[in-house]
Amino acid sequence: MTRYDVVIVGAGPAGAATAILTARAGLSTLVLERSRFPREKVCGDCLNPGAWALLDGLGVSPSIELLPSAKLRWVDFLDLAGRAIRFELPDDNRGERAIRRKIFDDALIRQAIAEGAEVRFGNPVFRIDNGVGWRVTAGERSVRARFLIAADGRNSSVARLLADFPKTQTDRIALQTHFSTDVEPHVTLQLKRYGYLGSATIGEGLMNLCLVCRPQYAEPFRLEAAQRYGLPVDHHWQSITPLTRSPIVARRGNLLYVGDAGRVVEPLTGEGILYALKSGVLAAEAICAAVVKSSDASLIYAQQCQKVYGRRLWVNQIARLAVLHPEISNQALQFLKWNPAPLKYLTSKVVTVGGG
228 MTRYDVVIVG AGPAGAATAI LTARAGLSTL VLERSRFPRE KVCGDCLNPG AWALLDGLGV
288 SPSIELLPSA KLRWVDFLDL AGRAIRFELP DDNRGERAIR RKIFDDALIR QAIAEGAEVR
348 FGNPVFRIDN GVGWRVTAGE RSVRARFLIA ADGRNSSVAR LLADFPKTQT DRIALQTHFS
408 TDVEPHVTLQ LKRYGYLGSA TIGEGLMNLC LVCRPQYAEP FRLEAAQRYG LPVDHHWQSI
468 TPLTRSPIVA RRGNLLYVGD AGRVVEPLTG EGILYALKSG VLAAEAICAA VVKSSDASLI
528 YAQQCQKVYG RRLWVNQIAR LAVLHPEISN QALQFLKWNP APLKYLTSKV VTVGGG
């Protein structure tokens, strides 16, 4: 049976970031990914400016900068009546961008391969054993590892197989699609009677459209959005749930949950990719430190995550409120039209560097 220093389940931004750095450090690294890349991913497709420093450290910025993307120029907040508050975004080459996850994730995992990581696509994990180290079974093969990284998303198979998966909140669902557009690059966040709508121009003449609502309103909301944007009734949409659940805390040594597998970030805040990359970097740093100190990487990682995240995910609660209580959110937006400072602050947390 082949042994690796690090086995990573999931090849999204968090898993790829971990793989890039552990492979670069000389640790034998295997990534197991259930899908075949490139693949679509439900996401707001927005790249927070704070991500560029992380991409620089990963050595992937030149590749990302060459990918089709849109430099977003402004954010429109719309109330239930469609009245807008607009905030201009910084005119910076490394400002807020929108980029399709299909090509972004593929560029990241290719960098991991270039660094020496082994990646197996189309390999869903169906068994995990913990004894002296980890034994992971995917397909017809089992491998052993000292460190196991769960980077397989909000519905983490690793967490389910190890009975670590927490109670979820099923009060909201997200729907997402892409379609052709010729509008100027910008972001729209609009309150609707069903929940809220978010859109962003992402380059290649495409618009990303996301809807978040209670599950029972998903179909009427989808039909209303399709009519508004001129989409056929049978236009393809992807869905994702849960949008909210408790963070997963590893209960076993040298097991690390990264990205949405560890803690769910609201998909429309523009912060998901940033947090995924950051958690992957923290995981790799914890592993490298544990190798040197012969200590437990999961403890080092947990301490660093607490320092980085703290109470930062309060934006999730605001987004949840917008769905569950749209009338209250609408009244708040009316107030903010005349007192825009709090809304401007919220915008800065979501779409500018290093909001804390």
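Under my numbering, the first residue of the sequence shown is numbered 228, with each subsequent residue one higher.
We treat Cβ as the ideally placed atom computed from N, Cα and C, and that holds for glycine.
Roughly how many whole angstroms lie between the Cα atoms of residue i and residue j?
{"i": "Ala244", "j": "Leu458", "result": "36 Å"}
{"i": "Ile247", "j": "Phe331", "result": "15 Å"}
{"i": "Leu509", "j": "Gly358", "result": "25 Å"}
{"i": "Ala334", "j": "Val287", "result": "8 Å"}
{"i": "Ile467", "j": "Leu424", "result": "15 Å"}
{"i": "Ile527", "j": "Gln533", "result": "10 Å"}
{"i": "Arg368", "j": "Trp361", "result": "14 Å"}
{"i": "Gly366", "j": "Val460", "result": "38 Å"}
{"i": "Gly253", "j": "Cys515", "result": "10 Å"}
{"i": "Arg327", "j": "Trp279", "result": "16 Å"}
{"i": "Val234", "j": "Asp523", "result": "16 Å"}
{"i": "Ala511", "j": "Glu342", "result": "14 Å"}
{"i": "Leu293", "j": "Asp232", "result": "33 Å"}
{"i": "Arg371", "j": "Leu282", "result": "29 Å"}
{"i": "Pro276", "j": "Leu299", "result": "11 Å"}
{"i": "Ser473", "j": "Thr395", "result": "7 Å"}
{"i": "Leu316", "j": "Glu323", "result": "7 Å"}
Can you have a look at residue i and say buried or exposed, based on whether 16 or more other CB atoms are within 10 angstroms of its CB?
{"i": "Asp272", "result": "buried"}
{"i": "Thr256", "result": "buried"}
{"i": "Gly583", "result": "Confidence is the limiting factor: at Gly583 the pLDDT is only 36, short of 50, which leaves the residue's position unreliable, though a coordinate-based value still follows. The residue is exposed, with fewer than 16 neighbouring Cβ atoms inside 10 Å."}
{"i": "Phe448", "result": "buried"}
{"i": "Asn320", "result": "exposed"}
{"i": "Asp356", "result": "exposed"}
{"i": "Val439", "result": "buried"}
{"i": "Met228", "result": "exposed"}
Just reading off the alpha helix (DSSP H) that residue i is part of, what are its end residues?
{"i": "Thr245", "result": "240–251"}
{"i": "Tyr502", "result": "499–520"}
{"i": "Asp356", "result": "Looking at the DSSP string, Asp356 is not in any alpha helix (DSSP H); the run it does join, the beta strand (DSSP E), is 352–358."}
{"i": "Arg337", "result": "328–342"}
{"i": "Gln454", "result": "445–455"}
{"i": "Gln288", "result": "Note on residue identity: the sequence assigns Ser, not Gln, to residue 288. Ser288 -> alpha helix (DSSP H) spans 288–292."}
{"i": "Ser384", "result": "384–388"}
If I'm right that residue i touches residue j with Cβ under 8 Å, what's the distance once you round it to whole angstroms?
{"i": "Ala250", "j": "Ala377", "result": "With 8 Å as the limit, Ala250 and Ala377 do not qualify as a contact, their Cβ atoms being about 18 Å apart."}
{"i": "Leu307", "j": "Arg420", "result": "7 Å"}
{"i": "Gly422", "j": "Gly237", "result": "Not a contact, Cβ separation roughly 28 Å."}
{"i": "Thr429", "j": "Ala297", "result": "Strictly speaking, residue 429 in this sequence is Ile, with Thr absent from that position. With 8 Å as the limit, Ile429 and Ala297 qualify as a contact, their Cβ atoms being about 5 Å apart."}
Please report the residue range of the beta strand (DSSP E) in which residue i lies.
{"i": "Ile312", "result": "311–315"}
{"i": "Gln465", "result": "465–467"}
{"i": "Val414", "result": "414–418"}
{"i": "Ile376", "result": "368–377"}
Please report whether the beta-carbon of residue i lies at a distance below 8 Å from any beta-carbon of chain B.
{"i": "Gly286", "result": "This model lacks chain B altogether; it includes just one protein chain."}
Do the region 258–273 and the region 471–487 meet, that is, are 3 or more Cβ pairs less than 8 Å apart? At 8 Å Cβ cutoff, the stretches do not touch.
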